[in-house]
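Q: To start, I am sharing the structure in question, which I have written as C-alpha cells.
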Amino acid sequence: MRIDIMTLFPEMCESVLSESIIGRARKNGYVEINCVNIRDFTLDKHNRVDDAPYGGGMGMLMGPQPIYDCYKSLYGDGEEKPHLIYMSPQGKTLTQQRVKELALTDRIVLLCGHYEGVDQ
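Here the working numbering is used: the sequence shown runs in plain steps of one and ends on residue 318.
Right, dumping it as C-alpha cells:
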C-alpha cells in the first residue's frame, strides 16, 4: 500500500511516521508513506496557499489550485486516480469497518487541511 500525505507541514510528519508500529511497517516494506508539501505547487513567489472565502466571510481557506496540482502530481496520465481523503472534523468518523475497506486500497492520498477549510 502507498499513502501520500498532502500537507503544509511535511517535516512534522516524518517524526511521527518513523516511530512505533508505523515506523516498523515502513521499514519492513508493508507500507510506503510519502509526505508532499502543498506549497511546492503554488504559482506565486510567496508560496501562498490560503485565500479569503469566495463570497466573503471570516477566516481563510486553502485555495484549490495548489491542492489540485499537488494531487495531479501524484499519479501519471492513464493511471487510476488514488483514493483521496480530506481530513476534516466535519467528515465521517473513522471506524474499524472503514479501516478494513481502506486496507484493500492500493493507494490513498490524505489531504491535511489547515485554516478554516478548503475552498471548493
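Beta carbons are placed, not taken as given, at the ideal position from N, Cα and C, and that holds for glycine.
Which residue marks the beginning of the alpha helix (DSSP H) containing residue 267, and which one marks its end?
A: Unbroken alpha helix (DSSP H) run through residue 267: 262–271.
Q: In the structure shown, what three-state DSSP assignment does residue 238 receive?
A: helix
Q: Would you check if the distance between the CB atom of residue 261 and the CB atom of residue 285 is smaller than 8 Å?
A: no
Q: DSSP on residue 217, reduced to helix/strand/coil?
A: coil
Q: Using a threshold of 8 Å, state whether the C-beta atoms of residue 206 and residue 237 are closer than that.
A: yes
Q: Which two residues bound the contiguous alpha helix (DSSP H) that contains residue 292?
A: It is not in any alpha helix (DSSP H) - residue 292 carries neither H nor E in the DSSP assignment.
Q: Which value, in whole angstroms, describes the spacing of the CA atoms of residue 317 and residue 272?
A: Because the pLDDT at residue 317 is just 48, under 50, the model does not fix this residue reliably, and the value given afterwards should be weighed accordingly. Taking the CA atoms as reference points, residue 317 sits about 20 Å from residue 272.
Q: Can you tell me whether residue 307 is buried or exposed, with buried defined as 16 or more other CB within 10 angstroms of its CB?
A: buried
Q: To the nearest whole angstrom, what separates the beta carbons of residue 265 and residue 204, a pair I think is in contact under 8 Å?
A: So it is a contact: roughly 7 Å between Cβ atoms.
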